[in-house]
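K.L.:
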Amino acid sequence: MGAQRRAGQSPVSMPPRSGRRGDQIAPAPAPGRGSTRALPNPSTGRTGYGAYKARQSGVKAMAAVLLTGPPGCGKTTVLIDLLKEVKAPAGGFYTKELRRGNKRWGFALITLQGQEAVLASVDLPGPSRVSRYGVAMDVLEEIGVPAILEALRKGQLVVIDEIGKMELLSPRFREAVLTVLQASRPLLGTIMLAPHPFADAIKGRWDVRIVYLTRENREQAFREALEATKDMLAQARI
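Using this note's numbering, you'd call the opening residue of the sequence shown number -19 and step up by one each time.
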């Protein structure tokens, strides 16, 4: 259907502050002896020994800063706040809820260049489904994935919101995520908290900084993610 479920293609203003088992996931080579996991501590929101070990061993570049946390904790809002703060050239996409009154009926995918389309909807038929939502794979693969790869090609900060269940239905999306990480170009995004083979492998990389977000620690998590993002951009000279 060629990504026809579009909600419009005019520039979109940002909101105010406020895998599968068969995938070949290429882990980052360990910076020191053995392999460590950069997993968040839910009580502090800080990453574990893996990210610390990478920094101490003189690794030149952190590949990604990813926000994680329970649904509804504000990951997308914090991500957009970070983009406003760092003011770096960026490309990729983020998502937002679509509501009729108080009821959520879907999600929109919005590129940083302002292109917008419906990514998932309760009204969308087809085999690609997450819970009650049908997922428009054409929108993801014809708008979202090209936005990621274009940002990578231009040497920009790559933005992905999110690495989640809906997006991970697409092999092309998973491949794009791995392409960015293997290129060692800066990635700022969000990633699902629930267990998932692909997402868990990404969260387990030593060159990925995970920031754990809750409604209660939002300001602290924002400051930590901002510091990590600035460091990542400085290392990449962006």
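For glycine and all other residues, C-beta sits at the position ideal for the given N, C-alpha and C.
Owing to the predicted nature of the structure, the values given are computational and were not obtained by experimental measurement.
Alpha carbon to alpha carbon, how far is Leu149 from Arg109? Give it in angstroms, no decimals.
P.N.:
9 Å
K.L.:
Does DSSP classify Gly52 as helix, strand or coil?
P.N.:
coil
K.L.:
In terms of residue numbering, what span does the alpha helix (DSSP H) encompassing Lys210 cover?
P.N.:
198 to 216
K.L.:
In the DSSP assignment, what residue or residues form a beta bridge with Thr57?
P.N.:
DSSP lists no partner for Thr57.
K.L.:
Exposed or buried, which one is Leu213 when buried takes at least 16 other CB atoms within 10 Å?
P.N.:
Burial check for Leu213: the Cβ neighbour count within 10 Å reaches 16 or more, so the residue is buried.
K.L.:
Could you pull the start and end residues of the beta strand (DSSP E) that Thr170 belongs to?
P.N.:
167 to 171
K.L.:
Who does Ile140 pair with in a DSSP beta bridge?
P.N.:
Phe73, Gly169, per the DSSP bridge assignment.
K.L.:
With DSSP as the reference, label Val115 as helix, strand or coil.
P.N.:
strand
K.L.:
What residues match up with Thr159 in a beta bridge as DSSP calls it?
P.N.:
For Thr159, which the question treats as bridged, DSSP gives no partner whatsoever.
K.L.:
Between the segment 197 to 205 and the segment 70 to 87, do at least 3 Cβ pairs fall closer than 8 Å?
P.N.:
They do not touch, by the three-pair rule.
K.L.:
Note down the Cα distance separating Arg189 from Tyr74, rounded to an integer number of angstroms.
P.N.:
19 Å
K.L.:
Using the Cα positions of Phe87 and Pro175, report the straight-line distance between them to the nearest angstrom.
P.N.:
22 Å
K.L.:
Looking only at DSSP bridge pairs, what is Ser164 linked to?
P.N.:
For Ser164, which the question treats as bridged, DSSP gives no partner whatsoever.
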